[in-house]
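K.L.:
Numbering (the numbering used here), first residue to last: 499 to 690.
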Amino acid sequence: MNFFTKVTSALILTAGFASASVYTLDSSHTSVGFSVKHLMITNVKGEFKKYDANIDFNAATKSFKVFKANIDTASIDTGIEKRDNHLKSEDFFLSEKFPKMTFEMKSYEANGDEGKMSGDLTIRGITKPVVLEVEDLATVKDFEGNSRVGLTLKGKINRMDYDLKWNKALELGGVAVGEDVKIVVEVEAVEK
């Protein structure tokens, strides 16, 4: 490889890395939510109140280099204290032993303002691959001139895969709590 080719290659690589930036979550405009069927007829919704994330985002290509999130399982909030305490117990998250659940992106497939984020989700020490759909990906300059990115992450997991197995059979058939959990995360992050 001649000198000119080496320099050109180095500049291209440097430009690619330079355009990716580290972003921090704006927790006042971010939510980590879920919903699950109750008694087979309605959805119960909840969210986690404490979380953080490492995000490395390239605004020019609308793609992610890093997306890693930690969620405090004891911060679960469904609006009913008794239910929240049950969800923190051994029947579900066992928050005392497993205080965090994590998601770590392995790959991102960009498609304009949408995409697919594939990664590993760990709950109760059990790690499984998941794919999250990315919707409404957008960037903007805020009132102070900071670059911000916003997006919605949607997915579905089977809670049984993560040993969240508590349930009760209903007298006329079915169960108290559905197995499928829908995930909806609204993210807003600001460039460091």
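Backbone N, C-alpha and C define an ideal beta-carbon position, used for all residues, glycine too.
When DSSP labels each residue in this structure, what does Leu585 get in the three-state scheme?
P.N.:
Residue 585 sits at position 87 when you count from the first residue of the sequence shown. DSSP places Leu585 in helix when its eight states are reduced to three.
K.L.:
State the Cα-Cα distance for the pair Val534 and Asp678, rounded to the nearest angstrom.
P.N.:
For this step, residue 534 is matched to residue 36 along the sequence shown. For this step, residue 678 is matched to residue 180 along the sequence shown. If I take the Cα positions, the gap works out to 6 Å.
K.L.:
Let me check understanding here. Comparing Cα to Cα, which of Leu585, Asn552, Asn556, Lys560 lies closest to Phe546?
P.N.:
The count along the sequence shown starts at 1 and reaches residue 546 at position 48. It is Leu585 whose Cα lies nearest to the Cα of Phe546.
K.L.:
Return helix, strand or coil for Thr650, following the three-state DSSP convention.
P.N.:
The residue labelled residue 650 in the question sits at position 152 within the sequence shown. Thr650: strand per DSSP, three-state reduction.
K.L.:
Quick check on the DSSP output: what are the complete beta strand (DSSP E) runs of length 3 or more inside the stretch 548-603, in order along the chain?
P.N.:
Entirely contained in the stretch 548-603, the beta strand (DSSP E) runs reaching 3 residues are, in chain order, 549-556, 561-570.
K.L.:
Taking only runs that begin and end inside the stretch 605-635, name each unbroken beta strand (DSSP E) of 3 or more residues, in chain order.
P.N.:
612-621
K.L.:
Measure the CB-CB distance between Leu635 and Lys652 and report whether it falls below 9 Å.
P.N.:
Position 137 of the sequence shown, counted from the start, is the residue given in the question as residue 635. Position 154 of the sequence shown, counted from the start, is the residue given in the question as residue 652. No. Outside cutoff.
K.L.:
When you compare each of Ala518, Asp550, Tyr521, His536 to Ser529 by their alpha carbons, which one comes out closest?
P.N.:
Residue numbering aside, residue 529 sits at position 31 when the sequence shown is read from its first letter. Closest by alpha carbon: Asp550.
K.L.:
Decide if the stretch 615-623 is in contact with the stretch 574-581; the criterion is three or more beta carbon pairs, one per stretch, under 8 Å apart.
P.N.:
no
K.L.:
Would you kindly report the start and end of the unbroken beta strand (DSSP E) that includes Ser533?
P.N.:
On the sequence shown, position 35 is the one that residue 533 refers to. It spans 529-536 - the beta strand (DSSP E) in which Ser533 sits, taken as one unbroken run.
K.L.:
So, for Ser525: in the same chain, excluding its five sequence neighbours on each side, which residues have a beta-carbon less than 7 Å away from its beta-carbon?
P.N.:
Locating residue 525 in the sequence shown gives position 27, counting from the first residue. Scanning its chain for C-beta atoms nearer than 7 Å, with the 5 sequence neighbours on each side dropped, one finds no residue around Ser525.
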